[in-house]
Structures are given as C-alpha cells and as structure tokens.
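S.K.: Note that our numbering has the sequence shown beginning at 2, numbered continuously upward. Every residue, glycine too, gets a C-beta built ideally from N, C-alpha and C. Questions regarding the structure given below will be posed in turn.
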Amino acid sequence: MSNKQDSTLQKKQQLDSLKEKLRKSNAFLKNLFLIMVIITVIYCVDEITSNINLMRPYMIYDLFKIPNQDASSQQYADAISKMAIATIPTYIITMLLPLYKSLSDKYGRKPLLVVNVLGMGIGMLICMVAPNYMAYIIGTVVFGFFTPNDIQVIYIMEVAPKERRATYCSVTKGIALLSVSLIGVLRSIFYNPADVTTWRLVFLVPVVIAIAVGVLSMVLLKETPVFLQQRIDYLEQSDEELQKLEEEVPTEKTVKGGFKEAIHFMFHDHQVRNLILIDVLFMCAVALTGYAAETMLAYGQSDANMNIFYVVEPVVYAVFAFFSGFLTDWLGRKKSGILFGCLALVGQVAFVFLARAGASPVLLAISNGLMYGGLWSFSDLLYIVVPAESVPTEMRATVVGLLQYTALSNMVLTIVIGVLYSSIGSRNIGLLQLAFFVPFMLLSIFYVKKHLRETSDVDLNEAGRESL
C-alpha cells in the first residue's frame with residue numbers, strides 16, 4: 002500500500018473516530034443539567050483555590066515565627082518582602098501558561114479541564130504540608146499555574162445556547178463563588194488562634210474535593226461539539242487545500258490553528274488589538290487588590306471579625322457574579338463591562354476608607370465583595386467572553402491564553418510592591434491600592450466605551466472569520 006493510500010486510510014479513521022465522538026457529544030448535550038453540575042463543581046474548586054491565599058497571613062505567622070500574630074508589625078512586613086523576592090524566579094514558569102493553554106486547541110477542552118483541577122489539588126496539597134515558606138511558594142506556583150486558565154468557561158461557552166452563553170457562565174460562576182464562603186466556614190472550624198499551625202487544616206477539604214472531581218470529570222465529561230466539528234471540518238478538506246494550509250495560504254476563510262497564526266491574528270484583528278491595550282490597563286489596576294486581609298488586620302480587625310468577613314464577602318461577590326451574566330446578555334458586552342468597571346471602582350474606594358475608619362466586618366465584606374464582583378465580571382468579559390466571541394475556534398484557546406501575557410504589567414507591579422512592602426507597611430497599602438486602581442480602571446472603562454466592538458450576537462462557529 003502506497004504512502005498516499007496509508008495517509009488517506011489514516012485520515013478516514015480519524016474522521017470516523019471524530020464523527021463518532023461528535024455523535025456521543027451531541028447526545029451528551031441532552032444532559033445539559035448534568036454537564037453544568039460537573040462544570041460548576043470544577044469551577045468551585047477553581048474559585049476556592051484562587052482564594053485560599055486568604056490564609057496567607059496565618060501561614061506567615063507560622064513559617065516565619067512572628068510573635069503575637071501582628072500583621073502591622075515590621076517582622077510581618079519584612080516577611081512579605083522576603084517572600085516577594087523569593088517568588089521572582091517562579092514567574093518564569095507562569096510565562097509558560099499561554100503555551101499550556103494552547104494545548105486545548107490541539108487536544109481538546111476536556112483533557113485540559115482534568116489536568117487543571119488535578120493540578121490545583123496537588124498545588125494546595127503542597128501548601129498544606131509545606132515545612133518552610135519556599136515550599137509554600139512552590140505550592141502556590143503549582144496551583145497558580147492552573148487557576149488562570151479557566152478552560153471550564155470556554156467549555157461552557159461551547160456547549161451553552163448562543164443567546165444564553167454569558168448567563169450560563171455567570172450562574173455557574175456565581176455558585177462557584179458562593180463556595181468560597183467555605184474558606185470562612187472551614188477557617189472557623191479548623192483554625193485555632195492559640196495554635197497557628199492549624200491554618201493547614203483549612204486546605205484539607207478543598208484538596209480532597211479537587212482530586213475527587215478531577216477523577217470524576219475524566220470519566221463523565223465529553224469533548225465539546227464545537228471543538229470536534231472544527232477538527233472534522235479541517236480533515237474533510239481535500240489534500241490540495243490542506244497542502245495550502247500547511248504553506249500558510251488561508252483558503253475559504255479557514256486557517257490552521259497554532260501560535261504563529263494566533264499571533265498574526267491578534268495583531269491584525271482590530272478588536273483583539275484593542276483588547277490587548279485594555280487588558281494591560283486593567284491588569285495595572287488589579288495589581289494591589291490582593292491585600293484586603295493584610296489591610297484589615299493592620300487596622301485592628303479581630304479573628305472573630307475576620308471569620309465574619311470571610312463568610313460574608315464571598316456571598317456578596319457570588320450574588321453579583323450570579324446576576325452579571327443576565328446583565329451581560331441583556332445589556333450587551335460593552336455596556337455591562339462599563340457598568341462592572343464603575344461598580345468595582347465604587348467598591349474599592351469604599352473598602353479602603355471603611356477599613357481605615359475601623360468599620361464593621363459586614364460593611365467591609367459588602368464593599369470588597371462589590372469590588373471583586375465588578376472587577377472579575379469585567380475581567381471575564383475582557384479575557385474570556387469577548388475574545389471567545391471574536392476569535393475562530395481553531396485558535397480560540399491559544400489567543401485567550403496569549404492575552405494573559407498582558408498580566409506582565411500586573412506581575413511587575415506586584416513584585417515591586419511586594420519587595421517594597423517592608424517600607425510601605427500594611428497601614429499604607431490601601432491608599433497605594435487606590436493610587437493604582439482608580440486611574441487605570443478609569444482608562445480601561447474609557448477604552449471599552451470607545452474601541453470595543455459588541456459581540457453578543459456572534460455564532461462561535463463563525464467568530465473572527467471576517468478578519469482571516
């Protein structure tokens with residue numbers, strides 16, 4: 002048998018296999034409720050992992066042996082700076098994140114979902130058993146590598162009805178964010194201020210859930226029909242058309258996926274070029290929003306008050322996120338993005354001044370929850386929803402991944418502030434947050450209003466093809 006016949010037979014076998022998978026995937030879509038339950042649990046793991054660093058102050062008390070557990074002390078500020086310096090080399094690993102995310106365009110959404118959730122569980126496990134702060138940093142790098150990928154959101158968008166994509170995303174995210182309250186509940190159950198090492202027990206339940214849901218999703222989930230159909234369309238082209246694709250001559254509005262093609266698309270498509278600028282500005286605003294616990298502790302909030310804050314804040318955030326998708330589908334992507342950015346501004350300014358005034362933990366939780374709700378709903382639009390609705394399927398995850406390089410602006414600012422933390426101190430970090438947050442968020446909102454194109458009515462099978 003000739004090489005050409007071998008190739009033809011191999012292509013036919015691949016097509017038959019993909020079509021069978023597509024048939025099963027379309028049949029599986031009839032169980033949309035089951036799919037949403039599985040994805041929601043995965044989303045819960047993602048959000049809990051993303052927020053588990055709320056226990057960072059207590060980890061620092063333990064591993065750095067800080068007396069009196071005082072977040073306003075110089076020893077605490079010095080420990081933050083020391084950790085920031087030690088963390089600098091680990092950012093090289095995060096630079097690989099877009100490369101990893103692009104594998105979703107090659108191998109599918111499901112395999113990356115499974116690896117992500119297992120990776121988050123392993124990262125939290127390393128943190129839980131860390132004998133020193135360097136091991137803890139390694140754990141945070143491991144789970145921090147997997148949490149930003151949000152493959153579950155791309156999965157939801159590719160299985161949800163077009164007119165309800167943002168709604169499905171926000172409902173699952175709202176439920177997932179509500180699960181973040183478990184950190185506060187687990188903290189009140191396991192953490193004992195008299196024994197600072199008990200911070201480790203807060204990680205135990207999330208670790209078990211992450212590993213369990215990773216194994217279950219491997220068995221239960223199917224690949225998305227959109228991804229399978231794109232692979233079938235590619236293979237059903239003639240040998241001549243495929244040869245032209247290999248020579249990078251796009252035909253009939255079809256293009257081969259890959260880094261080179263994705264980068265070319267990003268800098269030639271007007272919509273994605275605008276997103277790059279907006280995302281850089283947005284990430285500068287986000288840089289210092291992770292110091293809420295340090296700020297509150299520095300202004301004298303008690304352990305009991307912190308428990309209240311950790312339970313109430315995720316509820317506020319979750320309720321906001323739950324309804325954000327309804328707003329996004331109703332108002333459109335641009336108007337809802339502007340609204341989310343403005344609400345994030347109000348929440349951040351209120352939180353800083355309320356913290357300095359020694360306000361109740363409930364008020365602080367409401368203001369910070371509002372800030373996070375607006376901030377990350379805006380982020381989901383800028384990094385996932387609008388890019389997914391602006392980019393062809395065969396390079397969707399790659400472009401979404403490459404947009405994460407705009408977080409370099411965030412990374413640089415975070416490192417600089419972390420290194421200088423011993424000089425700044427927790428009592429001043431809130432005002433410094435505003436100095437970055439307010440101007441950069443206003444610029445982000447302005448550029449969304451002026452330069453972003455509405456994408457709410459886009460068919461994902463046709464997204465971005467006008468720019469090819």
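(1) Which value, in whole angstroms, describes the spacing of the CA atoms of residue 83 and residue 272?
(2) Since I believe residue 371 is in contact with residue 310 (beta carbons under 8 Å), could you give me their beta-carbon distance rounded to a whole number of angstroms?
(3) Whole angstroms is fine: what's the gap from residue 429's alpha carbon to residue 94's?
(4) How should residue 109 be labelled, buried or exposed, when 16 other C-beta atoms within 10 angstroms of its C-beta is the threshold for buried?
(5) Suppose contacts are defined by Cβ-Cβ distances below 8 Å. Is residue 102 in contact with residue 358 by that definition?
(6) Just list the residues that DSSP pairs residue 306 with in beta bridges.
(7) Who does residue 193 pair with in a DSSP beta bridge?
(8) In this structure, how does DSSP classify residue 249 when only helix, strand and coil are distinguished?
(9) Give every residue of the same chain whose Cβ lies closer than 7 Å to the Cβ of residue 197, excluding the five residues on either side of it in the sequence, and list them in chain order.
(10) Alpha carbon to alpha carbon, how far is residue 66 from residue 318?
(11) DSSP three-state call for residue 148: helix, strand or coil?
(12) What residues in its chain sit with their C-beta under 7 Å from that of residue 301, if we drop five residues either side in the sequence?
(13) I'd like to check one pair, residue 176 with residue 41: are the Cβ atoms closer than 8 Å?
(14) Please confirm whether residue 53 and residue 207 have their CB atoms less than 8 Å apart.
(15) Check residue 238 in the structure and name its three-state DSSP category.
(16) With a threshold of 8 Å between beta carbons, is residue 121 in contact with chain D?
(17) Just verifying my parser: in three-state terms, what is the DSSP assignment at residue 314?
(18) Could you have a look at residue 96 and say whether DSSP puts it in helix, strand or coil?
(19) Using a Cβ-Cβ cutoff of less than 8 Å, which residues in the same chain neighbour residue 145 once the five nearest sequence positions on both sides are dropped?
(20) Can you confirm whether the segment 391-410 touches the segment 350-357 when touching is taken to mean that 3 or more C-beta pairs between the two stretches lie within less than 8 Å?
(21) Report, in whole angstroms, the separation of the C-beta atoms of residue 168 and residue 330, which I expect to be a contact under 8 Å.
(22) Have a look at 406, 366 and 326 and flag the residue whose alpha-carbon is nearest the alpha-carbon of residue 379.
(23) Give the range of the alpha helix (DSSP H) segment to which residue 213 is assigned.
(24) Could you tell me whether the segment 333-342 touches the segment 449-461, using the rule of 3 or more Cβ pairs below 8 Å?
(25) Does residue 27 pass the burial test, meaning 16 or more other C-beta atoms within 10 Å, or should it be called exposed?
(26) Could you spell out the range, first to last residue, of the alpha helix (DSSP H) harbouring residue 399?
(27) How should residue 57 be labelled, buried or exposed, when 16 other C-beta atoms within 10 angstroms of its C-beta is the threshold for buried?
(28) So what does DSSP say about residue 480, is it helix, strand or coil?
(29) Taking all protein chains shown into account, do 16 or more other C-beta atoms lie within 10 angstroms of the C-beta of residue 411, making it buried, or fewer, making it exposed?
(30) Residue 140 and residue 127 look like a contact to me (Cβ under 8 Å); what is the Cβ gap, rounded to whole Å?
(31) Determine, using beta-carbon pairs with one atom in the segment 440-448 and one in the segment 104-120, whether at least three such pairs fall under 8 Å.
(32) What residue from 211, 324, 161 and 364 has the CA that sits closest to residue 37's CA?
(33) Is residue 150 closer than 8 Å to residue 117 when the C-beta atoms are compared?
(34) The alpha helix (DSSP H) spanning residue 544 covers which residue range?
M.R.: So, from the listed chains and residues:
(1) Indexing the sequence shown from 1 puts residue 83 at position 82. Indexing the sequence shown from 1 puts residue 272 at position 271. Straight-line spacing of the CA atoms in residue 83 and residue 272 works out to 41 Å.
(2) Your numbering for residue 310 matches position 309 in the sequence shown. Your numbering for residue 371 matches position 370 in the sequence shown. Not a contact, Cβ separation roughly 14 Å.
(3) Here the question's residue 429 lines up with position 428 in the sequence shown. Here the question's residue 94 lines up with position 93 in the sequence shown. In a straight line, the C-alpha of residue 429 is about 31 Å away from that of residue 94.
(4) Position 108 of the sequence shown, counted from the start, is the residue given in the question as residue 109. Label assigned to residue 109: buried.
(5) Position 101 of the sequence shown, counted from the start, is the residue given in the question as residue 102. Position 357 of the sequence shown, counted from the start, is the residue given in the question as residue 358. No, Cβ-Cβ distance for residue 102 and residue 358 is not below 8 Å.
(6) On the sequence shown, position 305 is the one that residue 306 refers to. Residue 306 is not bridged to any residue.
(7) If you number the sequence shown from 1, residue 193 lands on position 192. Per DSSP, 196.
(8) By one-based count along the sequence shown, residue 249 stands at place 248. At residue 249, the pLDDT of 49 sits below 50, so the modelled position is not reliable; the number obtained from the coordinates is stated separately. Assigned with DSSP and collapsed to three states, residue 249 falls in coil, not helix or strand.
(9) Reading the sequence shown from its first residue, position 196 is the one you call residue 197. Excluding positions up to five away in sequence, the list reads 59, 62, 63 and 70.
(10) For this step, residue 66 is matched to residue 65 along the sequence shown. For this step, residue 318 is matched to residue 317 along the sequence shown. If you take the alpha carbons of residue 66 and residue 318, they lie about 33 Å apart.
(11) The residue you call residue 148 lines up with position 147 of the sequence shown. Three-state DSSP puts residue 148 in a helix.
(12) In the sequence shown, the residue the question calls residue 301 occupies position 300. The answer, listed in chain order, is 359.
(13) As a working note, residue 41 is residue 40 in the sequence shown. As a working note, residue 176 is residue 175 in the sequence shown. It is a contact, given that the beta carbons lie within the stated cut-off.
(14) By 1-based counting over the sequence shown, the position of residue 53 is 52. By 1-based counting over the sequence shown, the position of residue 207 is 206. In contact: residue 53 and residue 207 (Cβ atoms closer than 8 Å).
(15) Residue 238 sits at position 237 when you count from the first residue of the sequence shown. Coil at residue 238, not helix or strand.
(16) Among the chains of the structure shown, chain D does not appear; only one protein chain is present.
(17) Within the sequence shown, the letter at position 313 stands for residue 314. Reduced to three states, the DSSP call for residue 314 is helix.
(18) Within the sequence shown, the letter at position 95 stands for residue 96. It is coil, neither helix nor strand.
(19) The count along the sequence shown starts at 1 and reaches residue 145 at position 144. If we look at residue 145 and ignore the five residues flanking it on each side, its Cβ neighbours are 95 and 124.
(20) Counting Cβ pairs under 8 Å, fewer than three are found: no touch.
(21) Position 167 of the sequence shown, counted from the start, is the residue given in the question as residue 168. Position 329 of the sequence shown, counted from the start, is the residue given in the question as residue 330. The pair is a contact, with the Cβ atoms about 5 Å apart (cut-off 8 Å).
(22) Along the sequence shown, one-based indexing puts residue 379 at 378. Checking every option, the nearest Cα to that of residue 379 belongs to 326.
(23) Within the sequence shown, the letter at position 212 stands for residue 213. First-last of the alpha helix (DSSP H) with residue 213: 205-221.
(24) yes
(25) Translated into the one-based positions of the sequence shown, residue 27 becomes position 26. Per the 10 Å Cβ criterion, exposed.
(26) Here residue 399 refers to the residue found at position 398 when the sequence shown is read from its first residue. Its alpha helix (DSSP H) spans residues 397-403.
(27) Translated into positions along the sequence shown, residue 57 becomes position 56. Classification of residue 57: buried, given that the 10 Å Cβ count is 16 or more.
(28) This structure cannot settle anything about residue 480, because the visible part of the chain is limited to 2 through 469.
(29) Position 410 of the sequence shown, counted from the first residue, corresponds to residue 411. Residue 411 should be labelled buried.
(30) The count along the sequence shown starts at 1 and reaches residue 140 at position 139. The count along the sequence shown starts at 1 and reaches residue 127 at position 126. Right, their Cβ atoms sit about 3 Å apart.
(31) The segment 440-448 is not in contact with the segment 104-120.
(32) Counting from 1 along the sequence shown, the entry for residue 37 is found at position 36. Checked all of 211, 324, 161 and 364; the closest Cα to residue 37 is 161.
(33) Here residue 117 is taken as the residue at index 116 of the sequence shown, counted from 1. Here residue 150 is taken as the residue at index 149 of the sequence shown, counted from 1. Note that the C-beta distance between residue 117 and residue 150 is below 8 Å.
(34) Nothing about residue 544 can be reported from this structure: the residues present for the chain run from 2 to 469 only.
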